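Colleague: Protein chains in written order, with the working numbering: chain A, 114 to 491; chain B, 114 to 491; chain C, 32 to 326; chain D, 32 to 326.
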Amino acid sequence: MDIHEYQAKELFRAAGIPVPPGRVATSPDEARQIAQELGGKVVVKAQVHSGGRGKAGGVKLASSPDEAATHAGAILGMSIRGLEVKRVLVTVAEDIASEAYVGILVDRTTQRPMFMVSAEGGVDIEEVAATNPDAIRKLRVDPRYGLLPHQAYGLANFLYTDPAQVKQATRIMAQLYEAFIGNSCSLAEINPLIVTPTGEVKAIDAKVSIDESALFRLPEVEALRDLDAEPAAETLAREAGLSFVKLDGNVGCCVNGAGLAMATMDLVKTYGGEPANFLDIGGSSNPDKVVAALEIITADPNVKAILFNIFGGITRCDDVATGIVEASRRIRIDTPIVIRLTGTNEAEALEILAEAGFSAFTGMDEVVQKAVDLAAQA
Amino acid sequence: MDIHEYQAKELFRAAGIPVPPGRVATSPDEARQIAQELGGKVVVKAQVHSGGRGKAGGVKLASSPDEAATHAGAILGMSIRGLEVKRVLVTVAEDIASEAYVGILVDRTTQRPMFMVSAEGGVDIEEVAATNPDAIRKLRVDPRYGLLPHQAYGLANFLYTDPAQVKQATRIMAQLYEAFIGNSCSLAEINPLIVTPTGEVKAIDAKVSIDESALFRLPEVEALRDLDAEPAAETLAREAGLSFVKLDGNVGCCVNGAGLAMATMDLVKTYGGEPANFLDIGGSSNPDKVVAALEIITADPNVKAILFNIFGGITRCDDVATGIVEASRRIRIDTPIVIRLTGTNEAEALEILAEAGFSAFTGMDEVVQKAVDLAAQA
Amino acid sequence: MSIFIDDSTRLVVQGITGRDGSFHTSQMLEYGTRVVAGVTPGKGGQHFTALNGDRVPIFNTVEEAVAEEGANTSAIYVPPAFAAGAIMESADAGIHFIVAITEGIPVLDMTRAAQFVKDRGARLLGPNCPGAISPGTAKVGIIPGQITTPGPVGVVSRSGTLTYEAVAQLTAAGIGQTTCVGIGGDPVIGTDFIDTLRAFGEDPDTEAVVMIGEIGGTDEQEAAAWAREHLQIPVVGFIAGQTAPPGRRMGHAGAIISGSSGTAEEKIRAFEENGIAVARRPVDIRDLVRECLGA
Amino acid sequence: MSIFIDDSTRLVVQGITGRDGSFHTSQMLEYGTRVVAGVTPGKGGQHFTALNGDRVPIFNTVEEAVAEEGANTSAIYVPPAFAAGAIMESADAGIHFIVAITEGIPVLDMTRAAQFVKDRGARLLGPNCPGAISPGTAKVGIIPGQITTPGPVGVVSRSGTLTYEAVAQLTAAGIGQTTCVGIGGDPVIGTDFIDTLRAFGEDPDTEAVVMIGEIGGTDEQEAAAWAREHLQIPVVGFIAGQTAPPGRRMGHAGAIISGSSGTAEEKIRAFEENGIAVARRPVDIRDLVRECLGA
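1. Which residues, in order along the region 279 to 297 of chain B, keep a beta-carbon less than 9 Å from a beta-carbon of chain C?
2. When you compare each of B:Ala175, B:Thr223, B:Ala350, B:Phe293 to B:Ala206 by their alpha carbons, which one comes out closest?
3. Any Cβ of chain C within less than 8 Å of the Cβ of A:Leu195?
4. From D:Gly215 to B:Gln224, what does the alpha carbon distance come to, in whole angstroms?
5. Using only CA atoms, which one of D:Ser190, D:Gln273, D:Ala310, D:Pro88 lies nearest to D:Ala163?
6. Any C-beta of chain C sitting closer than 8 Å to the C-beta of A:Ala169?
7. Considering only the beta carbon of each residue, do A:Leu272 and A:Ala213 sit closer than 8 Å?
8. Could you check the C-alpha separation between A:Tyr258 and A:Met227 for me, to the nearest Å?
9. Could you name each continuous beta strand (DSSP E) segment of 3 residues or more that falls completely within the region 181 to 265 of chain B, going from the start of the chain to the end?
10. For D:Phe35, name the three-state secondary structure that DSSP assigns.
11. In three-state terms, what does DSSP make of B:Asn503?
12. Using the rule of at least 16 other Cβ atoms within 10 Å of the residue's Cβ for burial, across every protein chain shown, is A:Pro332 buried or exposed?
13. So with Cβ pairs under 8 Å, would you call B:Gly267 a contact of chain C?
14. Determine which residues of the region 355 to 383 of chain A have a Cβ less than 8 Å from any Cβ of chain C, and write them out in chain order.
15. Could you please tell me which residues of the region 416 to 429 of chain A, in chain order, have their CB closer than 7 Å to any CB of chain C?
16. Can you tell me the Cα-Cα spacing of C:Val171 and C:Met59, whole angstroms?
17. Taking 6 Å as the limit between beta carbons, can you name the residues of its chain near B:Ser569, skipping five residues before and five after?
18. Nearest to A:Ala374 by CA position, among C:Gly282, C:Ile174, C:Gly75, C:Ser292, is which residue?
19. Just reading off the alpha helix (DSSP H) that B:Gly295 is part of, what are its end residues?
20. Does any residue of chain A bring its CB to less than 8 Å from the CB of C:Tyr195?
21. Going by beta carbon distance, what residues of the same chain come within less than 8 Å of A:Gly295, once the five residues before and after it are set aside?
22. For the region 278 to 292 of chain D, list every residue whose C-beta sits within 9 Å of some C-beta in chain B, in sequence order.
23. So for A:Met114, helix, strand or coil by DSSP?
24. Identify whether B:Leu392 lies in helix, strand or coil by the three-state DSSP scheme.
25. So, is the C-beta of D:Ser190 closer than 8 Å to a C-beta in chain B?
26. Please report the residue range of the beta strand (DSSP E) in which C:Val184 lies.
27. Can you tell me whether C:Val67 sits near the ligand NAP, meaning its C-beta is under 7 Å from at least one heavy atom of the ligand?
28. For D:Ala197, I'd like the list of residues in its chain whose CB is within less than 8 Å of its CB, leaving aside the five on either flank, ordered along the chain.
29. Quick check: what's the CA-CA separation for C:Leu193 versus A:Ile419?
30. If I'm right that C:Cys323 touches C:Val267 with Cβ under 8 Å, what's the distance once you round it to whole angstroms?
31. Evaluate A:Phe65 with the Cβ neighbour count: other Cβ atoms within 10 Å of its Cβ, from every protein chain shown; 16 or more gives buried, anything less gives exposed.
32. How many whole angstroms separate the CB atoms of C:Asn159 and C:Asp217, which I take to be in contact at a CB cut-off of 8 Å?
33. When the cut-off is 8 Å and only beta carbons count, does C:Gly116 lie next to chain B?
34. What do you get for B:Leu340, buried or exposed, if any count of 16 or more other CB atoms within 10 angstroms of its CB means buried?
35. Among B:Arg338, B:Glu479, B:Lys402, whose alpha-carbon lies nearest the alpha-carbon of B:Tyr432?
36. Is A:Phe421 helix, strand or coil by DSSP?
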């Protein structure tokens, strides 16, 4: 789960990391008032879950509260990579002597939290990694010991030469690691970590993603979820316990299992169609999930055909069939539905569907071809 | 550093361990008042750094506030294993259905914190270990992982069969381990851990020792030190940076290095004397320490001869000589002093001592024999 | 022969009284797996009765299950909040093969638990995996037994139902399996492709391997390079997620393209460069395996 | 020959600019030890100048000292609050022999640091120890060089000055040493008696060992039993603390009789039962060694 910069900065502040003061605003007036309170120059920053905010015109410097309000007016409501800006962060503008990058993520290969730091901050770290890998220092943290003092120091020592800056940065490394672990992050990033002309080390941007699987024990972090920032369909899917990703095609897919769902999408493409979504109804046998899935898929006007691909294992085919029948009673479905069911309780499922007037198939390729054809004809 | 039961219970409470309510009193009136506030039956318990308080008559049950005051009057001022009781804990008396033992210490062989638990509680665990070792379950905690949930459960499961009691005890194991680590304990013990007739699991006695070396970072724990509970000489020694243990003999010893100090004491005994103390002036070369050491030794009326045994390494012999001369100017020393100095700056030291009228030797056996003889003659 | 599980497998089911645990215990018993014990804290001393009437003793701890019943393998069906702890309990009790079915275990919990299992010298399969089945011998996990049949092909996959799809097609074509292994869809897992390929390579009965990967990470790329160097038997590969957009998690916590890394194209290229035949459609897996076996 | 340190030793001193670190660096250089680097965070790039005029480069981290100067051994003189961290830094940087002089490191810090060193495959000596000296070759720590002389006796001890006493007497009697090792007086230490006896047993030049123990713990008892089984050369033992009262810490954090365990009597008995000649007075050590050597 991605959170906004202003929320990430709150987590960082709680961990003791120096962050310039600032608050979030949803209107130009509010932005003016915050700028007034902060005094001096401020930055007005679009709060959306996307990189490239600066290039898109979503980050502006203001010398006065009125200018802050003007910028907020321009930024609020703008669209950045398809996301509407509904909030801006108004924060003190810091003078910058140098910019560095500090990030932590879980390295899959070593299965450890990994720091990446670079004195080349304020830019895309993937680009630095590609063009100048020696400018990045990586450190994998042994989860049995956590970040050790000499490791935090070693990272800081890679970024700075001035002992006072090294000392501040050492503390920040430890604090960032605590924030990363304490909030079960999958990513925690400061870009840039700046040094001011007077030698203070501060985080002036913050990016944090939280491990969805850990949210059950972090209610206060879960509360940071911004429903505005995700398509309504994905919110509905999450609440129904479905994995759903919206795409741009016309074949709606409803599959059990993530791998089979991806393979189904790929096969739609192979047969000349375009998948409208990724949707995994998961392993449990709950007809309600199928109803929710159909509601979500049919709400997408692009969808011209609906494809069910179910390989029954834990998922019982008869439960899925019951769900389809149930959904067809509760909601009006004009889009043609193509169903493939095989595996556990396949026979019972086919009977249920037949009674309700649906026909079903058992081969994957044939249903995908059929769904692609139907969508193309619509 | 040992702390009192009532202090240990405060640490346990802070960790969430269920402990019956109670407070410490220094007078019968105070004890009466606490008993009144608590209501019902209370226990009045002597607060001294010693086991065997019950056998010594230092723990008494009271059915009324007046009885609590009477018991407090009897216990306050009594002497338990040579320690005067200056405080009593007045605490709610719990009904007991069963008693268990739970303790953690650092196991030297495996270098890990080690739990010992036994369903035979309320008795001396060393006795259980000797007579019925199978009644004790030991668990060494890997410091890289801490106490894992299944380990806490396994300990509780060894003590109890009732699932509700196992659950409570599992939580207490985890809490006790947190208290042990968080307060840098060398020992944390609940004896007994009781189950009440209604099935509640509670700690009704508590024993905690803190690692002296960790006190520098635990000011709030260091503040628990009870100066009343240690001989004044040991307080003085600690403040002067000396290691000192009071003994009953007549040969005062002043040595550099703990091993050499013990070997010197042993040699005193070998030659027919009795050491009056263990005293290690440590490795640093500070004449003030020598002055403090002589002040402490001469304050003991039993001391009939003073023996210096210095093997100069880091410790410079001339510094020790300067300290001896300095002390002889500042305080009146009637007791004969026998000095052995060898190693770093030995020649300079002998000169300093000769100038001040002291003579010194370089062999260990001869000075010890001499000191023993002088003490015997006194 | 087979890998990881065989007729010496003595299984303890952690979470045997839960909904999934009890259902699949019955399934495993019916398949012939020796389920010697169950664990549910607080229910020690009771018995689990399977649908076929078999009774399995329940213990409070895995330690007791090992001591009393000689369990050497575990299957974990406990909820995500307790699953990492259950994995460590198994390893601590001396279980040497631990299969974690549970989905949704926090990744940072798993970094510790996976390390703990390594420290104890045990093997973890999963989490968020369907387990393993050695057709005709033993099944640990949730792979439907009826879609498998004994034979010479090893199957290893990050996915569940996609594996069933591939295996069912093999079986339907008369091509049996030594062992089918689901390594799981999480970013931090105990046994990876290389570990499984190595085991198949050491199994005298496995004559070809099907490796089913998906977007996210570099496990397939590393496995392909490893196979070229160390594996004597042919590999047929499939990668799911060619149409997956970058930066979005596709169901599995590990199925996410980070920046430009972990794409299906990258993995397919790695397969091809290392001599692995790549199936474009699931149905092609069967045909390519048939070619490999020269059947 | 010698154990632990020899002429391949390339030493980095952690805490080289501190009071103790700078003094003993001069001493070690004077003795001929190759001190190739010092570490003091924030002082990287500067140089340490010894009393004899030698200059030693200072680095911010041990990692840099290893990379730039090929350090393979470290001596730690940093204050107790930072010493466990310094030990782990050394091990993490690839140092294979770490000598921790610092006294007063919290015991729980050491349980982690000692484990970390083991995980990295390095050896820790100490903490709270005088270090080691291989007479005529190298000295790491604080043992006065002038009381030692090369020869056939290995010395291992939990104490500092008591060791000097014994070694000085050996030297005065013309009996030299291969290596003198102080393992330290703390309850949690990196290298114990058995580790050191094993090393002496493998050293072709060590013909006899002096083992000086004290009250507290069971290290001497275990070492005595080990020596009987595995050591081919004679051992002379001494135990300090026969007059120590139970339950009191005698200076060293580890020198404490717990209940009835760890007494001098118990240790002396273990020595005698396992064929170790026990010196009753420090002066007897010399005479017993002379007998062992048949001199």
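Beta carbons: idealized from backbone N, C-alpha and C, even for Gly. Just so you know, these numbers come straight off a predicted model, no measurement behind them.
Modeller: Let me lay it out:
1. Val279, Lys280, Thr283
2. For the residues B:Ala175, B:Thr223, B:Ala350, B:Phe293, the minimum Cα distance to B:Ala206 belongs to B:Ala175.
3. In the sequence as presented, Leu is not what sits at residue 195 of chain A; that position holds Gly. Chain C contact via Cβ: absent.
4. Their backbone Cα atoms lie some 14 Å apart in a straight line.
5. Ranking D:Ser190, D:Gln273, D:Ala310, D:Pro88 by Cα distance to D:Ala163 puts D:Ser190 first.
6. no
7. yes
8. Going by C-alpha positions, A:Tyr258 is about 14 Å away from A:Met227.
9. Runs of the beta strand (DSSP E) inside the region 181 to 265 of chain B: 201 to 205, 211 to 220, 225 to 231, 249 to 253.
10. Coil, per DSSP.
11. Within the shown structure, residues of chain B are numbered from 114 to 491, placing residue 503 of chain B beyond reach of any answer.
12. exposed
13. yes
14. Ser356, Val358, Leu360, Val368, Asn369, Gly370, Ala371, Gly372, Leu373, Ala374, Met375, Ala376, Met378, Asp379, Leu380, Val381, Lys382, Thr383
15. Phe424, Gly426, Ile427
16. 7 Å
17. The structure shown has nothing for residue 569 of chain B, since chain B only spans 114 to 491.
18. C:Gly282
19. 276 to 295
20. yes
21. Ala128
22. Arg279, Arg280, Met281, Gly282, His283, Ala284, Gly285, Ala286, Ser289, Gly290, Ser291, Ser292
23. coil
24. Taken through DSSP and simplified to helix, strand or coil, B:Leu392 comes out as strand.
25. yes
26. 181 to 188
27. Because no ligand of any kind appears in the structure shown, any question about the ligand NAP cannot be addressed here.
28. Val186, Ser188, Val241, Ile243, Phe269, Pro313, Ile316, Arg317
29. 20 Å
30. 6 Å
31. Beyond the ends of chain A as shown, which are 114 and 491, falls residue 65 of chain A; an answer cannot be given.
32. 5 Å
33. For C:Gly116, the answer is yes, since a Cβ of chain B falls inside 8 Å of its Cβ.
34. exposed
35. Here residue 432 of chain B turns out to be Asp, not Tyr, going by the sequence shown. Checked all of B:Arg338, B:Glu479, B:Lys402; the closest Cα to B:Asp432 is B:Lys402.
36. A:Phe421 falls in the strand class under three-state DSSP.
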